[in-house]
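Okay, so here's the structure we're looking at.
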Amino acid sequence: MSHLMLRSAAALVLAATPLIAAVPAQAAPQQQFPCQADIQKTDSNLTSTVTLTVTCDVDKTVGARIAIGETVLVDLQQTVRANVEERLTLTIPRVPRVCATLQVDEQTSTVCTP
40 MSHLMLRSAA ALVLAATPLI AAVPAQAAPQ QQFPCQADIQ KTDSNLTSTV TLTVTCDVDK
100 TVGARIAIGE TVLVDLQQTV RANVEERLTL TIPRVPRVCA TLQVDEQTST VCTP
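Residue numbers (the working numbering): 40 to 153.
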């Protein structure tokens, strides 16, 4: 499956929902990522539908990169309002695994489908 085919087959749908929580400037390095994130994948015979959900306690700008291995499907930044769930849904040719890397306030976190 080519990179071009995956990129052109991706259908993107955004829906409002909460995303991230504030991190104090003097937070310890072990502090958890400031938002809650989850990624789910549902397969049909030919396609996979991938949904990334992010929730935060305060307004944050969140960067999200969804990829299959080294192939980036989506790379975006969005301001997420406090206590509003943000949901991003992609429909792509069927794949075994998808990961999303999120960045908030110079912290990163990666979530993957099983």
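Glycine is no exception: its CB is placed at the ideal position from the N, C-alpha and C atoms. Being a predicted model, the structure only gives us computed values, none of them experimental.
Checklist entry - Whose C-alpha, out of 132, 104, 94 and 95, is nearest the C-alpha of residue 82? => result 132
Item to check | Local Cβ density within 10 Å of residue 125, reported as buried at 16 or more and exposed below that | outcome: buried
Checklist entry - Thinking C-alpha only, which one of 122, 134 and 143 is nearest residue 153? => result 134
Next on the checklist: My assumption, with CB atoms under 8 Å, is that residue 119 sits in contact with residue 137. Please give the rounded CB distance.
Outcome noted: Contact doesn't hold; Cβ gap of about 20 Å is too wide.
Checklist entry - Start and end of the beta strand (DSSP E) containing residue 96? => result Here residue 96 belongs to no beta strand (DSSP E), and DSSP marks it neither H nor E.
Item to check | For residue 120, the three-state DSSP class (helix, strand or coil) | outcome: coil
Checklist entry - Would you call the CB atoms of residue 93 and residue 76 closer than 8 Å? => result yes
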